[in-house]
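Numbering (the UniProt record's numbering), first residue to last: 1 to 128. Even for Gly, the Cβ is constructed at its ideal location relative to N, Cα and C.
As structure tokens, this is what we get:
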């Protein structure tokens with residue numbers, strides 16, 4: 001596929017996902033959106049939050065994107081692997097949390113008190 005059609009397909013999928021989660025959309029339209037997403041090979045979350053197929057669409061996109069770095073591809077692979085203990089999700093959450101604290105240190109809109117707290121958390125996790 002051309003980059004333009006890949007982008008179009010990603011936009012269509014994004015719109016269908018939005019329709020599924022929009023409370024103003026009818027149940028019939030939501031069902032249709034789910035069917036279209038499944039036909040496109042994109043993960044659809046069931047009512048309980050579980051994906052109805054094995055690979056989530058974002059990870060498929062990350063693997064297919066030519067500009068995705070090897071590191072990001074590895075992260076996409078790792079986070080899409082099943083985990084009994086949820087370790088991958090916890091590790092990713094912790095990584096995201098620490099990244100947020102690092103960003104706070106450099107954000108001019110963050111108070112000095114909050115920056116001190118962020119610095120302490122990062123030091124406690126040897127992330128500085």
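Taking 8 Å as the cut-off, does the region 7 to 21 touch the region 34 to 41 (at least 3 CB pairs, one atom from each stretch)? Contact between the region 34 to 41 and the region 7 to 21 is present, because at least three Cβ pairs lie under 8 Å.
Distance, residue 21 Cα to residue 123 Cα: Here the alpha carbons of residue 21 and residue 123 stand approximately 39 Å from one another.
Nearest-angstrom Cα distance between residue 42 and residue 8? CA-CA distance, residue 42 to residue 8, rounds to 14 Å.
Grab me the residues of residue 114's own chain with a C-beta within less than 8 Å of its C-beta, minus the 5 sequence neighbours each way, in chain order. Closer than 8 Å at Cβ, skipping near neighbours: 104.
Drop a sphere of 10 angstroms on the beta-carbon of residue 118, count the other beta-carbons inside from all chains shown, and report buried for 16 or more, exposed for fewer. Per the 10 Å Cβ criterion, buried.
How many Å lie between residue 2 and residue 120 at the Cα? Their backbone Cα atoms lie some 48 Å apart in a straight line.
Beta-carbon contacts of residue 111 that lie in its chain and below 7 Å, excluding the five residues immediately before and after: In the same chain as residue 111, and ignoring 5 residues on each side of it, no C-beta atom comes closer than 7 Å to its own.
Extent of the continuous alpha helix (DSSP H) to which residue 11 belongs: Note, residue 11: alpha helix (DSSP H), 3 to 21.
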